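**Q**
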Amino acid sequence: MAERASESEMQVLSALWDKAPQTAADLTRRIGTINGWTQATVKTLLARLVQKGAVTAEADGRRYLYSPAIERADAVGEESQRFVDRLFGGRVSPLIAHLADREALSDTDIAEIEALLKKLKS
Numbered sequence: 001m002a003e004r005a006s007e008s009e010m011q012v013l014s015a016l017w018d019k020a021p022q023t024a025a026d027l028t029r030r031i032g033t034i035n036g037w038t039q040a041t042v043k044t045l046l047a048r049l050v051q052k053g054a055v056t057a058e059a060d061g062r063r064y065l066y067s068p069a070i071e072r073a074d075a076v077g078e079e080s081q082r083f084v085d086r087l088f089g090g091r092v093s094p095l096i097a098h099l100a101d102r103e104a105l106s107d108t109d110i111a112e113i114e115a116l117l118k119k120l121k122s
């Protein structure tokens with residue numbers, strides 16, 4: 001996905017990753033209600049995602065069935081890289097240092113990071 005998705009668009013995409021295909025009505029019931037979105041709002045978000053190439057729309061009679069066009073892992077990877085680029089100059093170590101300074105890393109997080117580093121070194 002070349003263009004960044006908004007928080008609302010990511011909620012729609014996440015719902016589609018959980019279950020696809022879905023109609024706009026399905027999505028409105030599933031995530032629209034809890035966010036205070038009307039079906040028109042959900043359709044607008046879907047149209048944006050289709051335009052960005054993140055979602056496909058297949059005609060099914062008088063309605064459309066929506067499915068993700070990108071894998072969750074790919075979207076997470078792209079979004080993570082944008083975040084690190086924007087806030088930390090493309091470097092991961094300042095991000096981890098920032099989290100450590102704020103005591104935002106649990107013992108489990110630290111153990112997982114250590115395991116990842118060990119795996120990368122071998």
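No gaps in the numbering here: position 63 of the sequence shown is 63 in full-length UniProt numbering, and each next residue is one more.
Virtual Cβ for every residue (Gly too), placed ideally from N, Cα, C.
Predicted model only: the values in this text are computed from it and were never measured.
1) Whole angstroms are fine: how far does the CA of A25 sit from the CA of R62?
2) Which of the three DSSP states, helix, strand or coil, is assigned to T33?
3) What residue does the alpha helix (DSSP H) around A115 start on, and which one ends it?
4) Which partner residues of T56 appear in the DSSP bridge assignment?
5) Got a sec, what are the start and stop residues for the alpha helix (DSSP H) G77 sits in?
6) Just curious, the alpha helix (DSSP H) that T44 is in, first and last residue?
7) Once you ignore the five residues that flank Y64 on each side, which residues in its own chain have a CB closer than 6 Å to its CB?
8) Could you tell me whether the stretch 77-92 touches the stretch 40-55, where touching means 3 or more Cβ pairs closer than 8 Å?
9) Confirm, please, whether the CB-CB distance from I96 to I70 is below 8 Å.
10) Could you check whether Q11 and T28 sit closer than 8 Å to each other, using their CB atoms as the reference points?
11) Do the CB positions of L13 and V42 come within less than 8 Å of each other?
12) If you draw a straight line from the alpha carbon of K121 to that of G32, how long is it in whole angstroms?
13) Shortest alpha-carbon distance to K19 belongs to which of S67, P94, I34 and G77?
**A** So, to answer that:
1) 12 Å
2) helix
3) D107 to K121
4) S67
5) R72 to F88
6) Q39 to Q51
7) A57
8) no
9) no
10) no
11) no
12) 45 Å
13) S67
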